[in-house]
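As C-alpha cells, the structure follows; a few thoughts come after it.
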Amino acid sequence: MIPLSLCNFVRVGLAVAAVFFFNVASVSAQTPKPVGLRLVAEGYVSPINLIPFEDGSGRVLVGDQIGVIKLLSKDGPAKVFLDLRPKVTKLKNGFDERGLLGIALHPKFNDNGKFYIYYSAPLRAGGPEKWDHTSHLSEFRTLPNDRSQADPAYEKLLLQIDEPQANHNSGRMAFGPDGFLYFGVGDGGNGSDVGLGHPPQGNGQDLTTHLGKVLRIDVDSGNPYSVPKDNPFVGNSKAKPEIYAFGLRNPWGLSFDRGGTRELFVADVGQSRFEEVNIIVKGGNYGWNLREGMEGFDPKAPLKKPETMAEKDAEGRPFVDPAIVYKNAKGFPKDTDAGGTCITGGYVYRGKAIPHLTGKYVFADWSRMWTKSDGAVYVATRPETGSNKPWKIELLPLASHPDGQLNKCIVALGESADGELYVMTNDGRGLEGETGKVFKLVPQ
Numbered sequence: 001m002i003p004l005s006l007c008n009f010v011r012v013g014l015a016v017a018a019v020f021f022f023n024v025a026s027v028s029a030q031t032p033k034p035v036g037l038r039l040v041a042e043g044y045v046s047p048i049n050l051i052p053f054e055d056g057s058g059r060v061l062v063g064d065q066i067g068v069i070k071l072l073s074k075d076g077p078a079k080v081f082l083d084l085r086p087k088v089t090k091l092k093n094g095f096d097e098r099g100l101l102g103i104a105l106h107p108k109f110n111d112n113g114k115f116y117i118y119y120s121a122p123l124r125a126g127g128p129e130k131w132d133h134t135s136h137l138s139e140f141r142t143l144p145n146d147r148s149q150a151d152p153a154y155e156k157l158l159l160q161i162d163e164p165q166a167n168h169n170s171g172r173m174a175f176g177p178d179g180f181l182y183f184g185v186g187d188g189g190n191g192s193d194v195g196l197g198h199p200p201q202g203n204g205q206d207l208t209t210h211l212g213k214v215l216r217i218d219v220d221s222g223n224p225y226s227v228p229k230d231n232p233f234v235g236n237s238k239a240k241p242e243i244y245a246f247g248l249r250n251p252w253g254l255s256f257d258r259g260g261t262r263e264l265f266v267a268d269v270g271q272s273r274f275e276e277v278n279i280i281v282k283g284g285n286y287g288w289n290l291r292e293g294m295e296g297f298d299p300k301a302p303l304k305k306p307e308t309m310a311e312k313d314a315e316g317r318p319f320v321d322p323a324i325v326y327k328n329a330k331g332f333p334k335d336t337d338a339g340g341t342c343i344t345g346g347y348v349y350r351g352k353a354i355p356h357l358t359g360k361y362v363f364a365d366w367s368r369m370w371t372k373s374d375g376a377v378y379v380a381t382r383p384e385t386g387s388n389k390p391w392k393i394e395l396l397p398l399a400s401h402p403d404g405q406l407n408k409c410i411v412a413l414g415e416s417a418d419g420e421l422y423v424m425t426n427d428g429r430g431l432e433g434e435t436g437k438v439f440k441l442v443p444q
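Residue numbers (my numbering): 1 to 444.
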C-alpha cells in the first residue's frame, strides 16, 4: 500500500496556507477557499482505487486493496463487482503494500466490457529464488449483457513481473489520450534500490527490467498485447520495449490531465529526503537512484546530501527534473515544517463544482507520522508560462477540519467521469478492520 518512506509538509491553520518551494518554506497571504467533504461510502479495509463508468450513470468502481471491487451507484447499496481474493497473494493483517493495486476500464468499456487489473499474486512457478511475489497485469471482462457485474470465470494474463521484495509495487494505471495503457512499476522494494533483486546500478536505471518504470502497451492488438511502435526503446536489444519512462522509485500516483494539457502526472515516493511529482515525457529518465528530488542520492548514505549530483545518466541522457518537490521529514528532522510521511498522488482538477481549483494539481499526504492518522489534502499551482519559479503548494482547507487534517490516513484520491475528486481513507492500522471510507470533495 503506502510506500515505506517519509514525506514532509507543515500543517497550518485555516487563516494561512503553507507555500513550499524547493528547500524553502514560507507562508502565503492567500489561502484557497475551504471545501467540504461528503461521505459517500464506508465499510472498506483500504480503498485504493476509484474508477468511473464513462456512461453518464455516475457509477464508480471502488477497489479495496484486499482484493474486492465494489460498484457504487447514486441509488442503492454498494454491490460486489469482482472478488479477487483467491488470486491475491497472502497479505499481512498489518502493514502491507501488496494486494489489488490498479484498475483501468478499457476506453470502449461500454461496448466491450473489458477492464484491466494490476495485483500481487504468489510468486510464479520458476520465479527467482527467495523473491517475494509476482505482479500480474490481467484483462477481465463483465458478463455479456451486464456491465455492472464482472465475469468471475474470465481472466487473460497479459504480463507478469517478479518482485524481489513486498514493497514498492505501484500498479497505478490509466489509458492515455492515445488509447494505450500506461502503468507504473516500483523499483522492487527494500530501500535505496539495493539488495536482493537489485543490480549494481539499481532497477530504476536498468533498462533490462520493468522495475522502476512507467510502461506503455497496446491492449487492442498482439497476443496478449503489443508494444506501440513509437515507444522510446523499441529496437534496443538492451532494453524492455514496454518502457516509456524510467528512473522511478515507487510511482504511487499516476493520472492524466483530462482537460487542458493531457499531461501524465506521476507522484513518486521518495526514500529519505524528498518527495516529487513528475510530468512524464517519452524516454525520460527521472533519476532514481542517482537522484532524489533535485539533489544527488547516495544509496550508502541515504540521509545525507551528496557533495555532487549527476546531471546525466550512464548513456549521456540528461535527467528530467520533477515538477513538484518537497522535503521529507526523515531527511530533515530538525526542520520546524517537518511532519508528513508520504505523497499519495492526485489529479489536475477539471470538475465544475469547485471552480477555484480548476487547472490545479490536487493531491494528498498520507499522514504526518506513522503513529498518528492525520492525512491532508494539498493544491499545487503551475507557474506562469515562461517562468522559472517552482509550483506553489498550499494546504487545502477542509471546512469540517479547519487545520486541514482529517484524523485519518489518506490512501489515495480518485476522479469521477465529470472531473470531481474523491478522498479515500482508513485509520492507518493496515489491512485489518473496515475503517476505510470514501469522501467526495464538494463546494462549501
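Glycine included, each C-beta is placed from N, C-alpha and C at the ideal position.
Mapping the DSSP letters down to three states, classify residue 133 as helix, strand or coil. strand
Residues in its own chain within less than 6 Å of residue 240 by CB, not counting five upstream and five downstream? 210
Could you give the residue range of the alpha helix (DSSP H) that holds residue 111? 109-112
Quick one: measure Cβ to Cβ for residue 322 and residue 277, integer angstroms, because I've assumed they're closer than 8 Å. 6 Å
Considering only their Cβ atoms, is the gap separating residue 119 from residue 136 smaller than 7 Å? yes
Please list the terminal residues of the continuous beta strand (DSSP E) segment that includes residue 163. 156-163
Beta-carbon proximity list for residue 66, same chain, < 8 Å, skipping 5 on both sides: 45, 46, 85, 88, 91, 99, 100 and 431
By the three-class DSSP mapping on this structure, what secondary structure does residue 168 have? coil
For residue 357, the three-state DSSP class (helix, strand or coil): helix
Would you mind working out which of 42, 440, 310 and 407 sits nearest residue 418, comparing C-alpha positions? 440
Cα separation between residue 309 and residue 299? 13 Å
Quick one, are the C-beta atoms of residue 416 and residue 52 less than 7 Å apart? yes
Within this structure, are the beta carbons of residue 248 and residue 286 separated by less than 7 Å? yes
Using the Cβ count rule (16 or more neighbours within 10 Å means buried), how would you classify residue 236? exposed
For residue 198, which residues of its own chain have a beta-carbon under 8 Å away from its beta-carbon, when the five flanking residues on both sides are left out? 164, 187, 188 and 190
Among the residues of its own chain, which have a CB less than 6 Å from the CB of residue 49, if the five just before and after it don't count? 63 and 103
Backbone CA spacing between residue 339 and residue 375 [nearest angstrom]: Only weak support is given to the placement of residue 339: the predicted model assigns it a pLDDT of 42, under 50, and the value that follows is read from those uncertain coordinates. Spanning the two alpha carbons is a distance of roughly 10 Å.
Ends of the beta strand (DSSP E) at residue 102? 100-105
Looking at residue 202: is its Cβ nearer than 7 Å to the Cβ of residue 289? yes
Alpha carbon to alpha carbon, how far is residue 121 from residue 181? 21 Å
Those runs of the beta strand (DSSP E) which lie wholly inside the region 35-80 and span at least 3 residues: 35-44, 47-52, 60-64 and 68-72
Just to check, is the beta-carbon of residue 211 closer than 6 Å to a non-hydrogen atom of the ligand ADP? Of ligands this structure carries none, so the ligand ADP is not represented either.
Taking Cβ positions, are residue 341 and residue 373 nearer each other than 7 Å? no
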